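This report concerns only the one structure given below.
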Amino acid sequence: MLLTKIPRVKCLSCSTELYQYQGFWYPLDILESLISIQENFKAKPTDIFLCASPKAGFTWLKALGFAIETRRTRFDNDDDLSTNPLLKKLSHDVVPWLELDFTNNIKSRDPKLPLLATHLPYTSLPESVISSGCKIIYMCREPKDTFVSYWHFFQRIILPNNKYSKEAQVSASFEKEFELFCEGKSVGGPYWDHVLGLWRASIEKPGTVLFLKYEEVKGNTLFSVRKLAEFIGKPFSDKEEMERVPQRIVELCSFENLSNLKVNKEGKRLSVGPLEIDHSAFFRKGMSGDWKNHLADEMKETMDQISKEKLLGSNLVF
Ligand code: A3P
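Below is the structure:
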């Protein structure tokens, strides 16, 4: 593919260029990896994909999916989750990340773990993911909160030793980034198209695609944990219910618990493109409605209007 021929735009916060491919915007390293994955990655029918747009709850979804999938089978023989790898590792390090870990399909898979995670939109998933009927679990988030989280994340990861930092600090402004996000020119954006792709797929194939909302999972995590377990074909047994395993998973994966673990407070993740990211950057407030503390009234109205127009006729409401 000739890079010079495809549309590109400056991403202010991350201060790199975003390239438009199959309707969505990506930094160059992710785009290259996406193309490689589309050509090389072969999904197995038993694979389960955990998907979300950046800043919509990906880290949490991975933790929940991992804790539910691996309970009792491998790490938690003592039933109280006290040996769960999530206590020692960031969730991004226990569930492989398709576009970061599988470029050229070289990473060997853990045969016992069917989980994979991705930010890719539905229409750009490798063909074998769809044709194999892999289960997909998607987490969407209210767009205003997603944007606020997105903004803070990129501000946070602009570290002195990132090669883009100087330029980014000068050029990024909240208002300008807001405009770009609204125009769909954000990492993995247009956000609304990403959400709608998975929403439609969940309606067409309810047994294959599970659509979750961050706000609903936050509002009743226990209910969502049971729903996730059923969806992946591992519902909680009566014995597990009696032993409060679902409740323990909720507690293990809670924002309060994960964000206070040493690994998530002090660890560093080095491998996301050119960026050096502290684990703690994946945990900020973990609440719904923080946009109220950041968006001016006109910004709120602009974004709500976009949501209204984009979601028209879809039966999806944020
Ligand atoms: P905020 O910036 O609003 O706090 P992603 O994982 O997709 O990068 O999204 C990050 C957002 O999810 C951040 O939102 C972060 O605080 C929140 N988050 C991370 N872990 C969480 C958890 N266990 N429970 C709820 N929210 C969580």
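Note that the sequence shown ends on residue 318 in UniProt numbering; no numbers are left out. Don't be surprised by glycine CBs; every beta carbon is placed ideally from N, CA and C. These figures come from a predicted structure and were not determined experimentally.
- Contact between the stretch 109-122 and the stretch 253-273 is absent: fewer than 3 CB-CB pairs across the two stretches fall below 8 Å.
- Looking at the DSSP output, R269 bridges to I277.
- Cβ atoms of L18 and V9 come within 8 Å of each other, at about 5 Å.
- Assignment of F211 by DSSP, reduced to helix, strand and coil, places it in the strand class.
- Its chain contains K144, D145, V148 as the residues whose beta carbon lies nearer than 6 Å to that of W291, once the 5 sequence neighbours on both sides are disregarded; these appear in chain order.
- If only complete runs of 4 or more residues are kept, the stretch 50-123 shows the alpha helix (DSSP H) at 58-70, 98-101, in order along the chain.
- By the 16-neighbour rule on beta-carbons within 10 angstroms, L312 is exposed.
- G207 has its CB no nearer than 7 Å to any heavy atom of the ligand A3P.
- Inclusion of W60 in the 7 Å shell around the ligand A3P follows from its C-beta lying nearer than that to a non-hydrogen atom of the ligand.
- For M139, DSSP records a beta bridge to A52, L212.
- Taking all protein chains shown into account, I137 has 16 or more neighbouring C-beta atoms within 10 Å of its C-beta and is therefore buried.
- Close CB contacts of L316 within its chain, under the 8 Å cut and outside five residues either way in sequence, are with V195, L196, W199 (chain order).
- Between S128 and Q22, the gap from beta carbon to beta carbon reaches 8 Å or more.
- For the set T302, M299, A281, E309, the Cα lying nearest the Cα of Y150 is the one of A281.
- N293 counts as exposed, since fewer than 16 other C-beta atoms from the protein chains shown sit within 10 angstroms of its C-beta.
- Remark: fewer than three beta-carbon pairs, one from each stretch, lie closer than 8 Å, so the stretch 181-193 and the stretch 211-227 are not flagged as touching.
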